[in-house]
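So the protein sequences, as listed, match chains A and B. The numbering used here puts the first residue of the first sequence at 1, with every later residue one more than the last. The numbering used here puts the first residue of the second sequence at 1001, with every later residue one more than the last. Ideal Cβ placement from N, Cα and C applies to all residues, glycine included. Reading through the structure tokens given below for one structure.
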Amino acid sequence: MSAAALPEPRSREQIAQERRQMFRRLAYYMRRSGRLYALGVATTLVYALLYVAFPYAMGRTTDAVIAYARLAVADAPAHTSAARGIAWMCAGLIGLALARGAVRYFSRVEIFNAAREIEYRIRNDLFAHLQRLPQSFYLKWRTGDLMSRCVNDLTAVRLMLGPGLLNLAQTPVLMAVAVGAMLYQNATLTGLMLLPYPLFLLIARGFGRRMHGANLAVQEGLADLSSHLQETFSGIAVVKAYAMEETSRRRFDVLAQQLYDRNVELARVGATMPALTGLLPLSGMAIVFIAGGLQIRAGEMTTGDFLFFMLMNYELGLPLFMLGWMFNLVQRGTASMTRIDEVLATPPSIADREGSAPIETLRGEIELRGLTFAYPGFEARASALRDVSLRIPAGAVVGIVGPVGAGKTALASLVPRLYELPDGMLFIDGVDVNRIPLATLRRAIAMVPQDPFLFSLSLADNVAYGLPETDMARVRDAAERAQLAKDVADLPYGYGTLVGERGVMLSGGQRQRAALARALALEPRILILDDTLSAVDAETEAAIQAGLRRAFEGRTVLVVASRVATVREADLIVVLDDGRIVERGTHEDLLARGGLYTRLAHDQEAEARRREALAEVEAEEAL
Amino acid sequence: MSAPAAGSAPQQLIEDEELGKAFDGRLLRRLWHWVAPYRRRALLSISLVAPAFALEVLGPKVLGAGADFWSGTPLAGWLAPPAGLDPIWWLGGLFVVISLGNLLLDYVQAILLAVTGQAAMRDMRRDVFAHIQKLHMGFFDGYPVGRLVTRATGDIEHVSEAFTAGLVLLVTDVLRMLGFAVVLFHTDAHLAGWTFLVIPPLAFAAFVFRWRVRGAFRRSRVLIARLNATLQESVSGMKVIQLFSREARNQREFEKLNAEHRDSWVDSIRYDSALFTVVELAAGVVFSIVIWKATGYGSAGVIVQFVRYMQRFFMPLRDLSAKYSVMQSAMASLERIFVLLDTQPAVRDAVAPASTPLGSDDSASLSASLAVEPAAARVARPAAGLGEVEFRDVWFAYRGEEWVLRGLSFRVAAGERAAFVGATGAGKTTVIKLLARLYEIQKGAILLDGVDIRMIPQHELRRRVAMVLQDVFLFSGTIADNLALGRADLTLPVLQRAAAAVEADRFIARLPRGYETELRERGANLSAGQRQLLSFARALAHGADVLVLDEATSSIDTETEATLQRGIHKLMEGKTALVIAHRLSTIEDVDRIYALHHGKLAESGTHAQLLAQGGLYARLYRLQYGGEAAPGAAAG
């Protein structure tokens, strides 16, 4: 686990503060769906009334039926009128059932839709916020963690606001109305029947907690198992080469057994649910049956009332049990909302500042003044850049070389303001970069990052990623210049081929060239290439270089390279070592000096010659 | 019921499942193999259904008898109380006993079922894992890791659900509904006839709504999968999004998809709520009819019984089709698992494998395999093999007829150091992968100490051949774990000696917890050079007598470079070494150089011999290291 992602210990006050803030945000979202909720709660009330009215009416009708059976056989008019009365009562029953169903339908639909609406809004807001957060945020947070908040936690919040709220609102109202009606009808029996209920509420709550714990344990077991699988299959070559199969299998067996144990525990807890839910109506029924029977025999109660109590007994158990369950939903939901709030409360530190210079376009002059920078969260380690001063005139091509870890990428990333920087260190066209509107800045700069990330879109859409729309002429032109065009013909659907994670696998070199084309398509004032062509073979690189010379014309270009050959023709080459500029000059200057650059050049040229020689021999033999 | 597969891993969300049959006899028969060991429990669980049903029928009967008794009907048979006992207390006691018995049976049945399912699935999971591990390298080249993980996790979960919530319950639910229908007619045919006039249309409506919920639900799942995939991709590629100022447009697209997802739920919610309504309505209507039609002749007891039976009858109807879906996805998962299990490993141990005297620490298995060892193999083995390697007219292609090696032959004597040179694609890397038998050759033979490697058990072969690959793969765990790779006999002092020998000890000592330092995200916190050194220490610690090494091409700073060189020399000491050399010092140091060309041996000899010969190697060497030719000259 990343040390940076570990939660810092927080004081009680901070936690309380966080909770208040979370509830404010939750209230904000719920207010926006207030109308839906109000409707949902109102229908709930009506539902509760109908809910109780139906069993009551059934009891009364049953009494009427029993009375009918006791009528004297000869009394025909009495029979007819009683039968008519019963028929009407039955019609009324059907009407009640209809009304109850309809109201239930509306209250469910309203509240569930409100929860979905809120989920929709939170998800939109999360996405928008994530897009505004700076790269330093992404250094600290892992993708998996963020995804879990956007997926699992959002689900937990929705469950709290949908079924959770529905039951929380419904159950108390229902109970109140039901108990009231029952008390009115038969206070003694009601008191006896409700005797086991409080105990039950407690059991249900405890059970919900256990269920949640068992569920969590299974999820964790499954995650452990998955990561073992993932790792074994990713490193299968090592597993096989070192004959680790047996060890790995034993480890898997242990994990599988552990998962089994947890699953069985979950099943055990899960199986007690129907047993528990069954126990309450059982005890209630036994009480109603015995106490009610004694009362009927004593003539204090009718059979219809018995039926009413019997039905109430069976119908009240479930909502009550659900109430215990809902407490857990709410607990989880608020915990999840706090985790979501943590993301939403992170301020987007890179944003337009008040008093930004009203600049629309940039020429492309870059100046660094005593720039010192450490990656956020890694300040304890040595700074990535230390006291770097450099002026790059508009239209110049500057190469930046140096060993791994010298700070080349940091330098390249600061120009488009991917990381925060204090004022007074970096200027473009003489204006502090923090004061240039972000839109202007990013429109003027195109960067090809080291890792050529492509989206799951068509190749054309990827190349046109920075354009307002996919303009095929510009796509083709950019692909041509990045030497990508020749590869397109080999793709199954040409430019329309889906690439990225869910598309066809492009080679490392192809991805880099696609990323280059994407940057070139923008026709930027400032072009930044961050070791863009490391996975491209030498021949293709030479061809790209030729094409780039034209593309470089009239632009400021920063070429970060680990290969010296890549920057040979630059107007100025800056050699970085350990965060500092150690040498600067043209290729010839630097070679003459015999310093770090010369050493790098030497090593790499030997390597390059070897490759070229192999290629030549290969070509010769092929003839 | 309302939470979609939100908790599962994103890649699992992306893989859409195709649903087909809910029952497939062929698949179920094969599944029996894993269930069979637990069949007693399974059968016991199913046999409990009958007594549970009987008790379910008896409960309302007691209640009905009570209601009748109050109206004056005397109790008969087993319902009649023993002398001296109040009938009401007697009936109340009966009811409690029957209901408790019912709950207990249900509980036992559910647990038996779950335990059986989980045990069978644990075994199946283990078999799937062991089987995948046994498959040859070529298989892994074409099967994304994420899918393999899904086979042993998500797919198994689906099958396991079929146990606990599908198959058995589906069958017993249908039987129970039929049972209640019979009981209803038996209790009062007239009332039952009337109610069954109403039930079919209502049941049908309930079924239709449930079915619709299922369809709408599946649409929502596809949409949430897309939504989460988009989200994940955006988080991964956020730098590009921001650099190219795509935020606004992406936000619009995301919101559109998000709205589509929200709206897809409108249908689900509507059908789901309608289903609830219909079930409640049905109960209401049926009760009304029962009461109406009972007027004039039906007793209170019959009404009470009917009400309870009807409640029971409607219960399974609510989720019958949910169980059907569970079965469908279980069948689809089973199909995928079986296809995987049917994939045969292309590399297999010989039925009677030859064992070499060295490298095996398990004397029992050694003597056992010696006993069945074919005579020919025994004759072919030299008296004291120390790692002689021979390729005899080896032909190999990763795919079809695209030959990578075309009749390659060479022999590296025990203790000799050999370097392989040649252009990319000449087959160098393939040579070392084949020696460890990660792939199976098509023609010819590879011999280790005169024994065909196909006759040597794979684990033994690989213990004798230590591989150092270009890409160092580190597992999550400590540095020590990564050196020992599960071998218990490699104690910390052994590992420390190995690390010290290749000078890896210095950087390890600087790590916060030394050898016990946890590697973060598979060694992301180590440099390329450090990872290389770890792989050297790993190979050295495992003490094989043949070393195969693919030198890394990546350029590292000069100091680390020198350390790596010393490490390589240390590694080769006293071993037969096959090296794919990229560095001059390594090449000049070896006993023999093999120049490969298009999968064939172009020439071989010592550095001096080959230079004098003036062939391929001499040209390569001169071009690379000789003279001060201008960088571009070679291309001319």
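- Here L1495/B is actually not in contact with L1511/B; their C-beta atoms are around 14 Å apart, not less than 8 Å.
- Note: R353/A is not bridge-paired with any residue in the DSSP secondary-structure output.
- Counting only unbroken stretches of 4 or more residues, the alpha helix (DSSP H) elements lying wholly within the segment 130-159 of chain A are 135-140, 143-148, 154-159, in sequence order.
- By the criterion of a C-beta distance shorter than 6 Å, A1114/B is surrounded in its chain by T1164, once the five residues flanking it on both sides are discounted.
- Taking E117/A as reference, the option from R142/A, A178/A, L454/A, L154/A with the minimal CA-CA separation is L154/A.
- Residue contact check for Q1133/B against chain A: a CB pair falls below 8 Å.
- Membership of K1575/B in any beta strand (DSSP E) is not indicated, and neither H nor E is assigned to it by DSSP.
- Closer than 7 Å at the C-beta level to chain A, one finds these residues of the segment 1466-1478 of chain B: M1467, L1469, F1473, F1475, S1476.
- Chain B has no Cβ within less than 8 Å of the Cβ of I122/A.
- Collapsing the DSSP output to three states places L491/A in coil.
- The closest CA to that of A1577/B, considering only T1563/B, G1543/B, H1598/B, is found on G1543/B.
- Residue-level contact check: E1161/B does not touch chain A, since none of the beta carbons of chain A fall below 8 Å from its beta carbon.
- Between the alpha carbons of A1067/B and F306/A lies a gap of roughly 9 Å.
- DSSP, read as helix, strand or coil, puts V582/A in strand.
- With the criterion set as a beta carbon lying under 8 Å from some beta carbon of chain A, the members of the segment 1481-1502 of chain B are L1485, G1486, R1487, in sequence order.
- Here H602/A is exposed, its C-beta having fewer than 16 other C-beta atoms within 10 Å.
- For F112/A, at least one C-beta of chain B is nearer than 8 Å to its own C-beta.
- Only residues of its own chain outside the window of five on either side were considered, and among them T61, A64, V65, Y68 have a CB closer than 7 Å to the CB of I86/A, listed in chain order.
- For G496/A against S458/A, the beta-carbon gap comes to about 5 Å, under 8 Å, which counts as contact.
- Residues of the same chain with a CB within less than 7 Å of the CB of F1053/B, apart from the 5 flanking positions on each side, are R1176, G1179 in chain order.
- For H1542/B, at least one C-beta of chain A is nearer than 8 Å to its own C-beta.
- If you draw a straight line from the Cα of F1410/B to the Cα of E1390/B, it is about 6 Å long.
- Secondary structure note for F1420/B: its beta strand (DSSP E) is the uninterrupted segment 1417-1421.
- If you look at R417/A, you'll find it isn't in any alpha helix (DSSP H); DSSP assigns it neither H nor E.
- Taking 8 Å as the cut-off, the beta carbon of I290/A is found closer than this to the beta carbon of I1088/B.
- Cβ atoms of L276/A and F207/A come within 8 Å of each other, at about 6 Å.
- V173/A carries a helical assignment under DSSP once its states are collapsed to helix, strand and coil.
- Bounds of any beta strand (DSSP E) do not take in R568/A, whose DSSP letter is neither H nor E.
- If the five residues before and after P524/A are omitted, its C-beta is found closer than 7 Å to the C-beta atoms of A444, I445, A446, R555, all from its own chain and listed in chain order.
- A distance below 6 Å between beta-carbons, with the five flanking residues on each side excluded, links R1336/B to the following residues of its chain, in chain order: D1155.
- Contact check for V157/A against V397/A fails: the beta carbons are separated by 8 Å or more.
- Contact annotation, A1419/B with V1590/B: C-beta distance approximately 4 Å; criterion of less than 8 Å satisfied.
- For K1428/B, not one C-beta of chain A is nearer than 8 Å to its own C-beta.
- Note that the segment 421-440 of chain A touches the segment 356-375 of chain A; at least 3 beta-carbon pairs, one per stretch, sit closer than 8 Å.
- Taking a C-beta cut-off of 8 Å against chain B, the contacting residues of the segment 227-244 of chain A are S227, L229, Q230, E231, T232, F233, S234, G235, I236, A237, V238, V239, K240, A241, Y242, A243, M244, listed in chain order.
- Shown here, A1229/B sits in a helix according to DSSP, grouped into three states.
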